[in-house]
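Worksheet: one structure, shown below.
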Amino acid sequence: MFNNIEFSIKPIFILILFFGFGLIFILLKTKLKYRNHSEDILPSGVRIGNAQLIGQKDYQNDYFAFADDSKNNTILAVIADGIGNKKIGKYAPVISVEILKKNFIDGVYKEMSINNFFKKSFYQITMRLNDNIYGNKIGAAIAAIIIDKSILYYASIGECPIFLYRKGEMFKLNDSKSSYMQTGNIYLEMNDIAMLCTKGAQDSLTEMDIIWKLSEENHPYDKCQDLLERIRQKRMVSQDNATIMILEKML
201 MFNNIEFSIK PIFILILFFG FGLIFILLKT KLKYRNHSED ILPSGVRIGN AQLIGQKDYQ
261 NDYFAFADDS KNNTILAVIA DGIGNKKIGK YAPVISVEIL KKNFIDGVYK EMSINNFFKK
321 SFYQITMRLN DNIYGNKIGA AIAAIIIDKS ILYYASIGEC PIFLYRKGEM FKLNDSKSSY
381 MQTGNIYLEM NDIAMLCTKG AQDSLTEMDI IWKLSEENHP YDKCQDLLER IRQKRMVSQD
441 NATIMILEKM L
(Lines of atoms letter the chains of each structure in order from A; the text may use other names.)
(Lines give C-alpha, C1' and ligand atoms only; values in the text may rest on other atoms or scores of the structure.)
Protein backbone atom coordinates (compact mmCIF):
# COMPACT_ATOMS: atom_id res chain seq x y z
CA MET A 201 0.00 0.00 0.00
CA PHE A 202 2.71 2.42 1.01
CA ASN A 203 4.64 1.67 -2.14
CA ASN A 204 1.62 2.52 -4.24
CA ILE A 205 1.13 5.81 -2.39
CA GLU A 206 4.79 6.69 -2.84
CA PHE A 207 4.56 5.91 -6.53
CA SER A 208 1.53 8.21 -7.00
CA ILE A 209 3.07 11.10 -5.12
CA LYS A 210 6.27 11.28 -7.23
CA PRO A 211 4.60 12.33 -10.51
CA ILE A 212 2.68 15.04 -8.64
CA PHE A 213 5.89 16.25 -6.98
CA ILE A 214 7.68 16.33 -10.35
CA LEU A 215 4.75 18.18 -11.89
CA ILE A 216 4.86 20.80 -9.12
CA LEU A 217 8.62 21.24 -9.61
CA PHE A 218 8.13 21.55 -13.36
CA PHE A 219 5.53 24.29 -13.05
CA GLY A 220 7.54 25.97 -10.30
CA PHE A 221 10.68 26.21 -12.42
CA GLY A 222 8.54 27.25 -15.39
CA LEU A 223 7.06 30.11 -13.39
CA ILE A 224 10.49 31.21 -12.18
CA PHE A 225 11.77 31.14 -15.79
CA ILE A 226 8.85 33.27 -17.01
CA LEU A 227 9.35 35.79 -14.20
CA LEU A 228 13.08 36.02 -14.86
CA LYS A 229 12.51 36.37 -18.59
CA THR A 230 9.97 39.12 -18.01
CA LYS A 231 12.33 40.90 -15.62
CA LEU A 232 15.23 40.67 -18.06
CA LYS A 233 13.07 41.85 -20.91
CA TYR A 234 11.91 44.84 -18.90
CA ARG A 235 15.43 45.60 -17.77
CA ASN A 236 16.80 45.46 -21.31
CA HIS A 237 14.03 47.72 -22.58
CA SER A 238 14.70 50.27 -19.86
CA GLU A 239 18.44 50.25 -20.48
CA ASP A 240 18.21 50.97 -24.21
CA ILE A 241 17.31 54.62 -23.70
CA LEU A 242 19.59 56.57 -26.01
CA PRO A 243 21.60 59.62 -24.91
CA SER A 244 18.92 61.74 -26.58
CA GLY A 245 16.51 60.46 -23.92
CA VAL A 246 14.33 58.37 -26.25
CA ARG A 247 13.65 54.72 -26.98
CA ILE A 248 13.18 53.73 -30.60
CA GLY A 249 11.56 51.00 -32.64
CA ASN A 250 10.81 50.20 -36.26
CA ALA A 251 9.13 47.61 -38.48
CA GLN A 252 8.72 47.11 -42.21
CA LEU A 253 6.88 44.87 -44.68
CA ILE A 254 6.86 44.63 -48.46
CA GLY A 255 3.12 44.03 -48.77
CA GLN A 256 1.87 42.94 -52.20
CA LYS A 257 4.50 44.90 -54.12
CA ASP A 258 7.38 43.44 -56.11
CA TYR A 259 10.00 45.67 -54.51
CA GLN A 260 10.61 47.35 -51.17
CA ASN A 261 10.69 51.05 -52.00
CA ASP A 262 10.58 52.31 -48.41
CA TYR A 263 13.79 53.29 -46.66
CA PHE A 264 14.52 54.70 -43.19
CA ALA A 265 17.27 55.47 -40.71
CA PHE A 266 17.98 56.64 -37.18
CA ALA A 267 21.07 58.63 -36.21
CA ASP A 268 21.89 59.49 -32.59
CA ASP A 269 24.27 62.32 -31.69
CA SER A 270 25.25 61.20 -28.19
CA LYS A 271 27.49 64.22 -27.54
CA ASN A 272 24.62 66.64 -28.06
CA ASN A 273 21.75 64.45 -26.82
CA THR A 274 20.06 64.74 -30.19
CA ILE A 275 18.50 62.17 -32.52
CA LEU A 276 17.37 62.10 -36.15
CA ALA A 277 14.68 59.82 -37.57
CA VAL A 278 13.94 59.91 -41.28
CA ILE A 279 11.69 57.85 -43.52
CA ALA A 280 11.16 57.94 -47.28
CA ASP A 281 8.61 56.30 -49.56
CA GLY A 282 9.66 55.77 -53.17
CA ILE A 283 7.18 56.61 -55.88
CA GLY A 284 6.19 53.72 -58.13
CA ASN A 285 6.73 49.97 -57.94
CA LYS A 286 9.65 49.77 -60.36
CA LYS A 287 12.99 48.48 -59.12
CA ILE A 288 14.64 51.83 -59.81
CA GLY A 289 12.12 53.46 -57.49
CA LYS A 290 14.09 52.35 -54.44
CA TYR A 291 17.02 54.64 -55.23
CA ALA A 292 15.19 57.91 -54.59
CA PRO A 293 14.33 57.05 -50.93
CA VAL A 294 17.84 55.69 -50.31
CA ILE A 295 19.44 58.87 -51.65
CA SER A 296 17.00 61.04 -49.67
CA VAL A 297 17.55 59.28 -46.35
CA GLU A 298 21.32 59.01 -46.71
CA ILE A 299 21.73 62.73 -47.45
CA LEU A 300 19.76 63.71 -44.35
CA LYS A 301 21.60 61.15 -42.26
CA LYS A 302 25.06 62.22 -43.48
CA ASN A 303 24.34 65.90 -42.93
CA PHE A 304 23.14 65.15 -39.42
CA ILE A 305 26.16 63.00 -38.55
CA ASP A 306 28.47 65.67 -39.99
CA GLY A 307 26.91 68.18 -37.59
CA VAL A 308 25.46 70.46 -40.25
CA TYR A 309 22.36 70.99 -38.09
CA LYS A 310 24.56 72.68 -35.44
CA GLU A 311 25.80 75.28 -37.93
CA MET A 312 22.35 76.74 -38.57
CA SER A 313 18.78 76.52 -37.32
CA ILE A 314 17.32 73.04 -37.58
CA ASN A 315 14.60 74.30 -39.94
CA ASN A 316 17.31 75.63 -42.25
CA PHE A 317 19.15 72.32 -41.92
CA PHE A 318 16.06 70.57 -43.26
CA LYS A 319 15.67 73.09 -46.09
CA LYS A 320 19.30 72.73 -47.11
CA SER A 321 19.13 68.92 -46.99
CA PHE A 322 15.89 68.77 -48.99
CA TYR A 323 17.41 71.07 -51.61
CA GLN A 324 20.46 68.78 -51.88
CA ILE A 325 18.14 65.80 -52.27
CA THR A 326 16.31 67.48 -55.13
CA MET A 327 19.57 68.34 -56.88
CA ARG A 328 20.98 64.84 -56.42
CA LEU A 329 17.87 63.18 -57.80
CA ASN A 330 17.82 65.52 -60.78
CA ASP A 331 21.50 64.84 -61.49
CA ASN A 332 21.52 61.06 -61.09
CA ILE A 333 18.11 59.69 -62.02
CA TYR A 334 17.23 61.71 -65.10
CA GLY A 335 14.94 60.13 -67.64
CA ASN A 336 12.91 58.32 -64.97
CA LYS A 337 9.86 59.80 -63.34
CA ILE A 338 10.63 58.83 -59.77
CA GLY A 339 10.90 60.59 -56.47
CA ALA A 340 10.16 60.10 -52.80
CA ALA A 341 7.87 61.30 -50.07
CA ILE A 342 9.98 62.19 -47.02
CA ALA A 343 9.34 62.76 -43.33
CA ALA A 344 12.07 63.58 -40.82
CA ILE A 345 12.27 64.64 -37.21
CA ILE A 346 15.08 65.81 -34.96
CA ILE A 347 14.57 65.63 -31.21
CA ASP A 348 16.89 68.12 -29.56
CA LYS A 349 16.44 67.83 -25.78
CA SER A 350 12.73 68.66 -25.28
CA ILE A 351 11.93 70.02 -28.73
CA LEU A 352 10.82 67.97 -31.72
CA TYR A 353 11.58 69.58 -35.07
CA TYR A 354 9.96 68.10 -38.15
CA ALA A 355 10.04 68.43 -41.93
CA SER A 356 8.15 66.59 -44.63
CA ILE A 357 7.10 66.54 -48.24
CA GLY A 358 4.55 64.16 -49.71
CA GLU A 359 2.55 61.34 -48.16
CA CYS A 360 4.54 60.35 -45.09
CA PRO A 361 2.65 61.40 -41.95
CA ILE A 362 4.15 62.38 -38.61
CA PHE A 363 2.00 61.67 -35.55
CA LEU A 364 2.39 62.73 -31.92
CA TYR A 365 0.68 60.70 -29.20
CA ARG A 366 0.24 62.41 -25.83
CA LYS A 367 -1.85 61.30 -22.85
CA GLY A 368 -4.40 59.30 -24.80
CA GLU A 369 -4.70 61.72 -27.73
CA MET A 370 -3.04 61.66 -31.13
CA PHE A 371 -2.19 64.65 -33.31
CA LYS A 372 -0.96 64.80 -36.88
CA LEU A 373 1.87 67.30 -37.12
CA ASN A 374 2.09 67.61 -40.89
CA ASP A 375 -0.19 67.66 -43.90
CA SER A 376 0.79 64.44 -45.64
CA LYS A 377 -1.22 65.41 -48.73
CA SER A 378 0.95 68.46 -49.43
CA SER A 379 3.49 68.41 -52.24
CA TYR A 380 5.36 71.33 -50.66
CA MET A 381 7.97 71.14 -47.96
CA GLN A 382 6.68 71.74 -44.43
CA THR A 383 8.66 72.44 -41.28
CA GLY A 384 7.71 73.08 -37.68
CA ASN A 385 8.47 72.24 -34.07
CA ILE A 386 6.71 71.30 -30.85
CA TYR A 387 7.77 70.97 -27.21
CA LEU A 388 7.78 67.40 -25.95
CA GLU A 389 6.50 66.14 -22.62
CA MET A 390 7.61 63.02 -20.77
CA ASN A 391 6.25 59.84 -22.39
CA ASP A 392 5.26 61.61 -25.62
CA ILE A 393 5.46 59.28 -28.61
CA ALA A 394 6.35 60.35 -32.14
CA MET A 395 5.48 58.06 -35.02
CA LEU A 396 6.54 58.33 -38.66
CA CYS A 397 5.20 56.01 -41.31
CA THR A 398 4.83 55.57 -45.03
CA LYS A 399 1.63 55.77 -47.04
CA GLY A 400 1.25 51.99 -47.04
CA ALA A 401 0.95 52.00 -43.26
CA GLN A 402 -1.24 55.10 -43.05
CA ASP A 403 -3.73 53.79 -45.62
CA SER A 404 -4.07 50.42 -43.87
CA LEU A 405 -4.40 51.59 -40.26
CA THR A 406 -7.27 53.49 -38.69
CA GLU A 407 -6.70 56.20 -36.12
CA MET A 408 -8.02 53.84 -33.45
CA ASP A 409 -5.62 51.10 -34.58
CA ILE A 410 -2.72 53.46 -33.94
CA ILE A 411 -3.99 54.97 -30.68
CA TRP A 412 -4.78 51.53 -29.30
CA LYS A 413 -1.21 50.30 -29.83
CA LEU A 414 0.58 53.51 -28.86
CA SER A 415 -1.33 53.59 -25.57
CA GLU A 416 0.02 50.20 -24.50
CA GLU A 417 2.97 50.01 -22.11
CA ASN A 418 5.19 48.21 -24.58
CA HIS A 419 8.59 48.99 -26.00
CA PRO A 420 8.50 51.06 -29.24
CA TYR A 421 9.84 48.04 -31.14
CA ASP A 422 6.91 45.93 -29.95
CA LYS A 423 4.45 48.70 -30.83
CA CYS A 424 5.80 48.77 -34.39
CA GLN A 425 5.62 45.00 -34.74
CA ASP A 426 2.05 44.94 -33.39
CA LEU A 427 0.94 47.64 -35.83
CA LEU A 428 2.38 45.74 -38.78
CA GLU A 429 0.70 42.57 -37.54
CA ARG A 430 -2.56 44.52 -37.53
CA ILE A 431 -1.92 45.40 -41.19
CA ARG A 432 -1.24 41.75 -42.04
CA GLN A 433 -4.48 40.69 -40.38
CA LYS A 434 -6.46 42.90 -42.76
CA ARG A 435 -5.11 40.95 -45.77
CA MET A 436 -5.53 43.85 -48.18
CA VAL A 437 -5.17 42.72 -51.80
CA SER A 438 -3.27 45.83 -52.90
CA GLN A 439 -1.20 46.30 -49.73
CA ASP A 440 1.63 48.76 -50.39
CA ASN A 441 5.06 48.76 -48.74
CA ALA A 442 4.61 49.76 -45.10
CA THR A 443 7.23 51.12 -42.72
CA ILE A 444 6.77 52.45 -39.19
CA MET A 445 9.20 54.28 -36.88
CA ILE A 446 8.43 55.14 -33.26
CA LEU A 447 10.34 57.33 -30.82
CA GLU A 448 9.26 57.57 -27.18
CA LYS A 449 10.47 60.40 -24.94
CA MET A 450 11.74 58.89 -21.70
CA LEU A 451 14.01 61.58 -20.21
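In this text, residue positions in the sequence shown follow the working numbering: the first is 201, and each later residue adds one.
Beta carbons are placed, not taken as given, at the ideal position from N, Cα and C, and that holds for glycine.
Since the structure is predicted, the reported quantities are computational estimates derived from the model, not experimental observations.
Bridge pairing for D348: T274 and I351 [DSSP].
Around P243, the same chain offers S270 and N273 as residues with beta carbons nearer than 6 Å, after the five sequence neighbours per side are excluded. When secondary structure is reduced to three states using DSSP, L451 falls in the coil class, being assigned neither helix nor strand. Collapsing the DSSP output to three states places C360 in coil. Cα atoms of G282 and I299: separation of roughly 15 Å, rounded to the nearest angstrom.
Rounded to the nearest whole angstrom, the CA to CA distance from D403 to Q433 is 14 Å. Within 10 angstroms of the beta-carbon of T398 lie 16 or more other beta-carbons, which makes it buried. Note that the C-beta distance between L388 and I351 is below 8 Å. In the three-state reduction of the DSSP assignment, T398 falls in the coil class.
In the DSSP annotation of this structure, K257 is not part of any beta strand (DSSP E), being labelled neither H nor E.
For K413, the uninterrupted alpha helix (DSSP H) segment begins and ends at E407 to L414. Within the region 277–314, the runs of alpha helix (DSSP H) at least 4 residues long that lie entirely inside it are, in chain order, 291–305. With respect to the 8 Å criterion, V308 and A280 are not classified as neighbours on the basis of their beta carbons. Contact annotation: the region 367–375 does not touch the region 317–327, with fewer than three C-beta pairs closer than 8 Å.
Going by DSSP, Q425 is part of the alpha helix (DSSP H) stretching over P420 to K434. Residue pairing for F371: DSSP places it in a beta bridge opposite L364.
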